[in-house]
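Novice: I'd like to ask you about the structure that follows.
There are 2 protein chains.
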Amino acid sequence: MIRERIERLREKMREAGVGVYVIPSSDCHESEYVCEHYRAREYMSGFTGSAGTLVVTLEEAGLWTDGRYFLQAKKQLMGSGIVLYQMGEEGVTQIEDYVGERLAGGGKLGFDGRVMGAFGAEKFVKKAQEKNVEILETRDLVGEIWEDRPEIADAPVKVLEERYTGESVQSKMERVRQKMKEEGADVHVLASLCDIAWLLNVRGEDIPCVPVVLSFLCMNQDSCRWYVRKSVVSNEVLKHLTTCKVEIREYEKIYEDLSRILKEQSVWIDKKNVNVRLLTSLPAGVRIVDQKNPEELLKAVKNETELQNLKEAHRKEGIAFTKLMYWVKTKAKTEEITELSAAAYLDEKRREQEHERGRSFAPICAYGPHGAIVHYEATEERNVRVEPGGLFLVDAGGHYLEGTTDTTRTFVIGEVSQEQKKIYTAVLRGNLRLAYARFLQGCTGYNLDVLCREPLWQMGMDYKHGTGHGVGYYLSVHEGPNAFRWRFSEDEKAVALQAGMVTTDEPGIYIEGEYGIRLENELVCVNGEKNAYGQFLEFEILTLTPMDLDGVLPKEMTQTEREWLNRYHKRVYEEIAPYLEHEEREWLKEYTRRI
Amino acid sequence: MIRERIERLREKMREAGVGVYVIPSSDCHESEYVCEHYRAREYMSGFTGSAGTLVVTLEEAGLWTDGRYFLQAKKQLMGSGIVLYQMGEEGVTQIEDYVGERLAGGGKLGFDGRVMGAFGAEKFVKKAQEKNVEILETRDLVGEIWEDRPEIADAPVKVLEERYTGESVQSKMERVRQKMKEEGADVHVLASLCDIAWLLNVRGEDIPCVPVVLSFLCMNQDSCRWYVRKSVVSNEVLKHLTTCKVEIREYEKIYEDLSRILKEQSVWIDKKNVNVRLLTSLPAGVRIVDQKNPEELLKAVKNETELQNLKEAHRKEGIAFTKLMYWVKTKAKTEEITELSAAAYLDEKRREQEHERGRSFAPICAYGPHGAIVHYEATEERNVRVEPGGLFLVDAGGHYLEGTTDTTRTFVIGEVSQEQKKIYTAVLRGNLRLAYARFLQGCTGYNLDVLCREPLWQMGMDYKHGTGHGVGYYLSVHEGPNAFRWRFSEDEKAVALQAGMVTTDEPGIYIEGEYGIRLENELVCVNGEKNAYGQFLEFEILTLTPMDLDGVLPKEMTQTEREWLNRYHKRVYEEIAPYLEHEEREWLKEYTRRI
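Chains A and B, in that order, are what the protein sequence lines are.
Take 1 as the starting number for the first sequence in our numbering and just add one per residue.
Take 596 as the starting number for the second sequence in our numbering and just add one per residue.
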């Protein structure tokens, strides 16, 4: 079937004079999650992983993906004739070099510019220029052969009321327009869906796990146009937007409208967050202001209303998560609990909460060796029973009108080894040391990351992921610009932590083939003491679920660390206990005891 | 006298058509310490601080200096007619704006381009261009009126043998030439004196506290020219250089020679480390490679020979410092010990060590409230007695053929308060936490700084200086590129710590008008475990002098921290005790006891 699809694509390529056609994994908005309509790479290759790029020439086809997906891709590409290129492995040809070489054979370079990121396109464009080859970016050749292509969902847009957002659209626009003035930008083009949803105080259901609306936005000092499928805009939304002086235009009109911008104007367009067609639609001569979208920082700093709501969201999530913890820890011995049934139990308990709006990402419920797979997702085939004598890692989150959550706990089921407890305790110590840090204004996540890693580094261990990421407010569970990381990257500028930013704190250890331990809380940055030394900042923990004391060796902790944990557990009990059944409550008392 | 000098300068300015004349504090090499011959700013203003710039117009004169020197400058400028501009204070005119405004009055902008940094000159040049005003940079107008100008010292250059340097000049040059190839640079111009001394394995006495030779160097793949006053080059040195194929040229010839470089060539010249005349001497059209000098990183990573020698140097310094500690702590009650006599005692004990080569910087011996002045230097007027009931901060270092040292200890004299001990202990904890850190290769000082500060930040306190700086090998006590800092600076790229780098670890607390506490060790970075997680790095402490246990509250420390301190003190005793007198040894035993 895949071979047949590729042959049909090649017919289209021949007809269009294309020698090499590139199919990325993205939608038109550089989204992290992509709805089915845009899964062209999956349709053409059979590979279902979230990251990967397919390159089809008239004779060959190759798929590039990263370490997370090598095994899966190998399996799914079997029999397709597509060659797997394992990115990051030694000696593996870089995708742009492959494209460059194949272009020497003649024919244009083709891709659908709407689903190709402007930043990612640069390397291909460069190769085409080197080979003196034309680029065809205005045709979606996959779309032309795709029968039964899934439609984009038609779920209606909802207005998110000010009691949840805490700020009117007018006020947000004013702040964005102020930033535009500061950067000397006449026009601001926005394709990132979370930024648009934040700015317009709207939410949708167009993408799994992220409550956004497929749309573009273009504004200047006087007007604002929202490019969206009119079918999803109800009268209520229309009224809301009219009040905010936002004009509605058809989704696909954006490209044409951009081509009409006066070339004397300067346009703020964040190259890392737009597709290449948006960029190439601009008339030659306009000045590009290629800065991060101003919305990114504005929405990262949560306002008072959002912060109050977030506490409510985390109480709700804490109730569901604590109930899961009770259930798994007390019943795993006698009942057949599996990874999938645990995930379902958590969903069920979450749905019992008011204003619940679904999962914020596909949960990781990983027992034993599965816990060592950082991006594990249980399926019917892989699903195993959660049994005494192992560690059970659960990383999950939900959306509520009051905000988005992301929690990881690792549950000790039955008895585990002293070694496992030792590592569990080190992970916990890292988590606490970051959560209870105090620091001066100006510190970034690069400064603080080591606090979390040091207990593990002291043992000669490490986790190969960041310590934490920003979290959106009833938006994407992964949000910039705040993060905890230690490796500097050339293109990411360090951003100072500010009061109101929410970041996860999630150290872990992964022993391949054996187990994984990760403990994740969300931290909100708050102002501490201000004195002659400056403004101090600290964190408050939002997440409310016990750290499993069955994994903790109190003697491995300092007095201060034990005090921190006791303080946290006291709060968990006080906030969660009132919402539990009698048995659960008794159990919680035991599991939030002082150590 | 100052007024008279300024008037004479103005005569020269009128004669040369100069309206504004700028006098920086530097020599021709952007040196941190400057020999008397080059102290033109001091000669013209009477202000003796290490940092400051004087601007003289035909009607006015102004001096710009930073917070460290406000009081001193105010005093020293009194009666001179020179206006003090306090840099960094709100509303104070920036020096370049002042120059720009005054240039509007007509006349050229003048300065001696040989003592003006190329990087620092840019802001003045820009103003001159804006005002369409000529620049005169080839005349030293101060030199023209300076009677009895001190001569540059004529101390002979010495060759530093390979048993101290661990690497031949040929080998170093090969590595530099390799870097030149990598950067595509045909020619490499070097003005930074420590880099030259390192590269040529020579040392001199031209600058106080830094054993370097005033000189320039210019090399390509085939030849190398050293521009130096021939009077200081002995036959021994000549022979050494001939072996290394280094040609000697007169010091001032560099400018002329640079003007003859072919304009097709590319020249590696580190703008932050050359004077502006070197840059403007290059023919228009040469391609400038403006990167950090390759020698900086090469010399920062000490080789095995240097590291072995450094241990020897620190043993010697440790003996002297421990003897000082014994003397001050046991005799301050009964003998009249002062800040100056303590400094002299340390010098004396250091001079008793073999291969001693003098102070590596002016020592800070600061009792009581003086300890809170970060850059304090005792003088006859300020000198006070070291009495029981206070803290005595000593920050000092020496040169040996085996390397350069930098140590700070704060001694408890008699009884101090519980509050002081609490802060002392927090400073010590920070010092230890950094010293005993383990971390993955790739970490920079920005990642680790927080380990040192966190105990103080937890108390809502901070020190307003970096946590540590690199240290040269029998060269400057302040050396890049490695450092421990937390604030990112736009123009300083973070450099990963490498095995062989030596960095100080010196947290402190300064209570104005009361006392200062600083505890400084030098740390050498070494390879730790290498495993599946990567290459771990750690530190070894080079410095060997007890932390004063009279200031330590063991209960404020974690078990691990106490263990670290005990381990360190055990080493101090083992390495230093054999070189002490009986009484000193008994005392040391007590002061390195387990806690």
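Just so you know, even glycine gets a beta-carbon here, dropped at the ideal spot from N, CA and C.
(1) Go ahead and label THR1062/B buried or exposed: buried means 16 or more other beta carbons lie within 10 angstroms of its beta carbon, across all protein chains shown.
(2) Per DSSP, which one or two residues make a beta bridge with LYS530/A?
(3) Do the region 1025-1036 of chain B and the region 997-1015 of chain B make contact, defined as three or more Cβ pairs closer than 8 angstroms?
(4) Which residues, taken in chain order from the region 482-508 of chain A, show a beta carbon closer than 8 angstroms to some beta carbon of chain B?
(5) Would you decide whether SER675/B is buried or exposed? Buried here means 16 or more other CB atoms lie within 10 Å of its CB.
(6) As a quick exercise: from GLU949/B, ALA961/B and GLY1129/B, pick the residue whose alpha carbon is nearest that of GLU1109/B.
(7) Chain B beta carbons: is any one of them nearer than 8 angstroms to that of GLU529/A?
(8) How long is the line joining the alpha carbons of LEU193/A and THR405/A, rounded to whole angstroms?
(9) So, with DSSP's three-state summary, where would you put SER826/B?
(10) Since TYR1041/B meets chain A, which of its residues come closer than 7 angstroms, beta carbon to beta carbon?
(11) Using a threshold of 8 angstroms, state whether the C-beta atoms of LEU553/A and LYS349/A are closer than that.
(12) Can you find the residues in the same chain that come closer than 6 angstroms, C-beta to C-beta, to PRO889/B, ignoring five residues on each side of it along the sequence?
(13) The alpha helix (DSSP H) with THR165/A in it runs from where to where?
(14) Select from GLY67/A, ILE82/A and ARG39/A the residue whose C-alpha is nearest the C-alpha of GLU60/A.
(15) Can you round the beta-carbon distance between LEU448/A and PHE484/A to whole angstroms, since I take them to be within the 8 angstroms contact cut?
(16) Run down chain B in chain order and give the residues with a C-beta less than 7 angstroms from the C-beta of CYS443/A.
(17) What residues in the region 1048-1071 of chain B bring their beta carbon closer than 7 angstroms to a beta carbon of chain A?
(18) In the structure shown, what three-state DSSP assignment does GLN418/A receive?
(19) Compare the C-beta of LEU1046/B with all C-beta atoms of chain A and state if any pair is closer than 8 angstroms.
(20) Under 8 angstroms, CB to CB, which of the residues in the region 1105-1133 of chain B have a partner in chain A?
(21) If the cut-off is 9 angstroms on Cβ atoms, which residues from the region 424-442 of chain A count as contacting chain B, listed in chain order?
(22) Pairs of beta-carbons, one from the region 243-256 of chain A and one from the region 1-17 of chain A, closer than 8 angstroms: are there three or more?
(23) Under the assumption that ARG359/A contacts GLY403/A (Cβ atoms under 8 angstroms), give the Cβ distance between them as a whole number of angstroms.
(24) Is the separation between the beta-carbon of VAL541/B and that of ILE932/B shorter than 8 angstroms?
(25) Consider the Cβ of THR57/A: report whether some Cβ of chain B lies at a distance smaller than 8 angstroms.
(26) If you compare alpha carbons, which of GLY1075/B, CYS804/B, GLY686/B and TYR1069/B is closest to LEU892/B?
(27) Alpha carbon to alpha carbon, how far is LYS722/B from VAL692/B? Give it in angstroms, no decimals.
(28) Beta carbon of ILE1018/B, beta carbon of ILE1112/B: below 8 angstroms?
(29) Thinking C-beta only, is GLY430/A closer than 8 angstroms to LEU497/A?
(30) Runs of 4 residues minimum, wholly inside the region 155-209 of chain A: which ones carry the alpha helix (DSSP H) assignment?
(31) Can you list, in chain order, the residues of its chain whose CB lies under 7 angstroms from that of HIS950/B, leaving out five sequence neighbours each side?
(32) Using three-state DSSP, classify ALA879/B as helix, strand or coil.
(33) Any C-beta of chain A sitting closer than 8 angstroms to the C-beta of THR660/B?
(34) CA-CA distance, VAL617/B and GLU717/B?
(35) Can you confirm whether THR558/A, when its beta carbon is compared against all beta carbons of chain B, has any partner nearer than 8 angstroms?
(36) Can you tell me which of VAL115/A, ASP148/A, LEU451/A and TRP146/A puts its alpha carbon nearest to the alpha carbon of GLU137/A?
Specialist: Result, derived from the coordinates:
(1) For the purposes of this step, residue 1062/B is identified with residue 467 of the second sequence, where counting begins at 1. The residue is buried, with at least 16 neighbouring Cβ atoms inside 10 Å.
(2) Mapped onto the first sequence, residue 530/A falls at position 530. Answer by DSSP bridge pairing, in chain order: GLN535/A.
(3) Output reads no: the region 997-1015 of chain B does not touch the region 1025-1036 of chain B.
(4) For the region 482-508 of chain A, which is checked against every Cβ of chain B, the residues closer than 8 angstroms are TRP486, ARG487, PHE488 and ALA494.
(5) Start at 1 with the first residue of the second sequence, and residue 675/B comes out as number 80. With 16 or more other Cβ atoms within 10 Å, it is buried.
(6) As a working mapping, residue 1109/B is identified with position 514 in the second sequence. Among GLU949/B, ALA961/B and GLY1129/B, the Cα nearest to that of GLU1109/B belongs to ALA961/B.
(7) Within the first sequence, the letter at position 529 stands for residue 529/A. True, the Cβ-Cβ gap to chain B drops below 8 angstroms.
(8) Counted from its first residue, the first sequence places residue 193/A at position 193. Counted from its first residue, the first sequence places residue 405/A at position 405. The C-alpha of THR405/A is placed about 19 angstroms away from the C-alpha of LEU193/A.
(9) Numbered from 1 along the second sequence, position 231 holds the residue referred to as residue 826/B. Reduced to three states, the DSSP call for SER826/B is helix.
(10) In the second sequence, counting from the first residue as 1, residue 1041/B sits at position 446. Result: TYR446 and ASN447.
(11) Walking along the first sequence from the start, residue 553/A turns up at place 553. Walking along the first sequence from the start, residue 349/A turns up at place 349. The beta carbons of LEU553/A and LYS349/A sit no closer together than 8 angstroms.
(12) Here residue 889/B corresponds to residue number 294 of the second sequence, with the count starting at 1. Excluding sequence neighbours, PRO889/B sits near VAL771 and LYS774.
(13) On the first sequence, residue 165/A is found 165 positions in, with the first residue counted as 1. Segment 162-165, the alpha helix (DSSP H) holding THR165/A.
(14) Here residue 60/A refers to the residue found at position 60 when the first sequence is read from its first residue. It is ILE82/A whose Cα lies nearest to the Cα of GLU60/A.
(15) As a first step, residue 448/A is located in the first sequence; it is residue number 448 there, counting from the start. As a first step, residue 484/A is located in the first sequence; it is residue number 484 there, counting from the start. Contact between LEU448/A and PHE484/A is confirmed by a C-beta separation of about 6 angstroms, below the 8 angstroms threshold.
(16) Here residue 443/A corresponds to residue number 443 of the first sequence, with the count starting at 1. Ordered by position in chain B, the residues that pass the 7 angstroms Cβ test against CYS443/A are TRP1081.
(17) Listed by position along the chain: GLU1049, TRP1052, GLN1053, GLY1055, MET1056 and ASP1057.
(18) Counted from its first residue, the first sequence places residue 418/A at position 418. GLN418/A falls in the helix class under three-state DSSP.
(19) The sequence position of residue 1046/B within the second sequence is 451, counting from 1. Yes - at least one Cβ of chain A is within 8 angstroms of the one on LEU1046/B.
(20) Result list: GLY1123, GLU1124, ASN1126, TYR1128, GLY1129 and PHE1131.
(21) Hits within the stretch, in order: ARG433, TYR436, ALA437, ARG438, PHE439, LEU440 and GLY442.
(22) Inter-segment contact for the region 243-256 of chain A and the region 1-17 of chain A is absent: fewer than three beta-carbon pairs are separated by less than 8 angstroms.
(23) As a working note, residue 359/A is residue 359 in the first sequence. As a working note, residue 403/A is residue 403 in the first sequence. The pair is not a contact, with the Cβ atoms about 14 angstroms apart (cut-off 8 angstroms).
(24) The question about residue 541/B has no answer here: the residues shown for chain B are numbered 596 through 1190.
(25) Residue 57/A sits at position 57 when you count from the first residue of the first sequence. False, the Cβ-Cβ gap to chain B never drops below 8 angstroms.
(26) Position 297 of the second sequence, counted from the first residue, corresponds to residue 892/B. Measuring from the Cα of LEU892/B, the nearest candidate turns out to be GLY1075/B.
(27) If you number the second sequence from 1, residue 692/B lands on position 97. If you number the second sequence from 1, residue 722/B lands on position 127. In the sequence under discussion, the amino acid at residue 692/B is Asp, which differs from the Val named in the question. ASP692/B and LYS722/B: Cα-Cα distance of roughly 8 angstroms.
(28) Indexing the second sequence from 1 puts residue 1018/B at position 423. Indexing the second sequence from 1 puts residue 1112/B at position 517. Cβ atoms of ILE1018/B and ILE1112/B: closer than 8 angstroms.
(29) Against the first sequence, residue 497/A aligns to sequence position 497. Against the first sequence, residue 430/A aligns to sequence position 430. Taking 8 angstroms as the Cβ cut-off, LEU497/A and GLY430/A do not qualify as a contacting pair.
(30) Whole alpha helix (DSSP H) segments, 4+ residues: 162-165, 169-183 and 193-200.
(31) Taking the second sequence and counting its residues from 1, the one referred to as residue 950/B is at position 355. Apart from the 5 residues on each side of it in sequence, HIS950/B sits with its Cβ closer than 7 angstroms to the Cβ of TYR995, LEU996 and GLU997 in its chain, given in chain order.
(32) Counting from 1 along the second sequence, the entry for residue 879/B is found at position 284. In the three-state DSSP reduction, ALA879/B falls in the coil class, being neither helix nor strand.
(33) Taking the second sequence and counting its residues from 1, one reaches residue 660/B at position 65. Answer no: the Cβ-Cβ gap between THR660/B and chain A never drops below 8 angstroms.
(34) Stepping through the second sequence from its first residue, residue 617/B is reached at position 22. Stepping through the second sequence from its first residue, residue 717/B is reached at position 122. About 13 angstroms.
(35) Along the first sequence, read from residue 1 onward, the residue named residue 558/A stands at position 558. So yes, THR558/A belongs to the interface.
(36) Mapped onto the first sequence, residue 137/A falls at position 137. If we check each option's Cα against that of GLU137/A, VAL115/A comes out closest.
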